[in-house]
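Have a look at the structure below, then the notes.
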Ligand SMILES: [Fe+2]
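Numbering (our numbering), first residue to last: 10 to 234.
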């Protein structure tokens with residue numbers, strides 16, 4: 010992805026969050042210059058991968074296959090300094106922008122439609138070799154548990170949510186307008202916890218064609234350790 014594209018995606022994301030009155034923590038809009046002034050008091054942001062995470066999943070077309078995430082809080086499996094066992098993200102899915110099928114090895118997550126269009130998901134159970142099964146899928150949403158055929162459309166209106174158990178394949182996109190999506194989950198390590206159905210990239214290659222607006226979580230200067 011080009012840096013100019015990432016910068017524009019970040020500007021659009023801030024506008025969408027503001028449209029739905031979702032206020033973000035200060036570190037989200039710190040520039041590289043701001044980061045240079047931050048001392049070790051802020052190590053948690055760097056060590057637990059808080060902040061911007063934008064990916065096209067290696068597709069080359071972010072608007073067709075991609076996702077914007079901002080990690081607001083997270084624990085850390087590898088660092089006993091952090092007792093936190095939970096995480097929260099805010100995501101944006103554009104209309105027709107698909108997050109491809111994947112499941113998580115450790116992270117159980119709730120996906121919440123916090124504003125915008127309809128959030129559409131499809132889910133499959135996974136087998137021992139990572140295959141998709143055609144067995145019925147139990148859907149857990151807002152206090153209701155029910156069973157659907159594998160791969161059925163599941164539509165979440167604004168305010169509705171779904172709980173995705175470990176090992177359950179899911180894909181999602183927005184219809185009728187972009188969705189501001191909440192994610193409440195167990196501690197998350199995106200370096201090792203994602204099992205995509207197809208072999209695709211989780212983090213983008215970046216072509217630097219203009220200065221960084223806000224660094225991604227992997228780009229903070231003076232990373233500890
Ligand atoms: Fe997921």
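The C-beta atom is built at its ideal place from N, Cα and C for all residues, glycine as well.
No experiment lies behind these values; they were computed from the predicted model shown.
Could you check if residue i belongs to the surroundings of ligand 1, using beta carbon to heavy atom distance under 7 Å?
i: residue 1; result: This structure does not reach residue 1, given that the chain is present from 10 up to 234, and the question cannot be answered.
i: residue 72; result: no
i: residue 165; result: no
i: residue 173; result: yes
What residues in its chain sit with their C-beta under 8 Å from that of residue i, if we drop five residues either side in the sequence?
i: residue 129; result: 162, 163, 164, 165, 181, 182, 183, 184
i: residue 92; result: 84
i: residue 117; result: 172, 173, 174, 175, 194, 195
i: residue 202; result: 113, 114, 115, 116
i: residue 150; result: 163, 165, 169, 170, 171, 172
i: residue 29; result: 123, 124, 125, 189
i: residue 14; result: 71
i: residue 33; result: 23, 26, 79, 81, 99
i: residue 139; result: 204, 206
i: residue 36; result: 51, 54, 59, 60
i: residue 159; result: 132, 133, 134, 141, 142, 143, 144, 145, 146
If you drop the 5 nearest sequence neighbours on each side, which residues of the same chain put their C-beta closer than 7 Å to that of residue i?
i: residue 55; result: 229, 232, 233
i: residue 64; result: 75, 76, 211, 212, 213
i: residue 25; result: 101, 187, 189
i: residue 147; result: 154, 156
Would you kindly report the start and end of the unbroken beta strand (DSSP E) that includes residue i?
i: residue 236; result: What the structure shows of the chain is the stretch from 10 to 234, and residue 236 is not part of that stretch, so it cannot be assessed.
i: residue 182; result: 177-195
i: residue 55; result: Segment 52-56 is the alpha helix (DSSP H) holding residue 55; no beta strand (DSSP E) there.
i: residue 41; result: Element bounds for residue 41: not the beta strand (DSSP E) but the alpha helix (DSSP H), 41-45.
i: residue 76; result: 76-82
i: residue 98; result: 95-102
i: residue 88; result: Neither: residue 88 is in no beta strand (DSSP E) and is coded neither H nor E.
i: residue 108; result: 108-113
i: residue 3; result: The question about residue 3 has no answer, for the chain in this structure spans 10 to 234.
From which residue to which residue does the alpha helix (DSSP H) around residue i run?
i: residue 13; result: 12-28
i: residue 61; result: That residue, residue 61, is in no alpha helix (DSSP H); its beta strand (DSSP E) goes 60-64.
i: residue 219; result: Taken as a continuous stretch (DSSP letters only), residue 219 belongs to no alpha helix (DSSP H), as it is neither H nor E.
i: residue 228; result: Looking at the DSSP string, residue 228 is not in any alpha helix (DSSP H), and its letter there is neither H nor E.
Less than 6 Å between C-beta atoms, sequence neighbours within five positions excluded: which residues of the same chain meet that for residue i?
i: residue 198; result: 86
i: residue 179; result: 130, 132, 173
Could you check whether the Cβ of residue i sits closer than 7 Å to any heavy atom belonging to ligand 2?
i: residue 182; result: This structure lacks ligand 2; its bound ligands are ligand 1.
Counting pairs of Cβ atoms below 8 Å between the stretch 36-44 and the stretch 214-226, do you hit three or more?
-> yes
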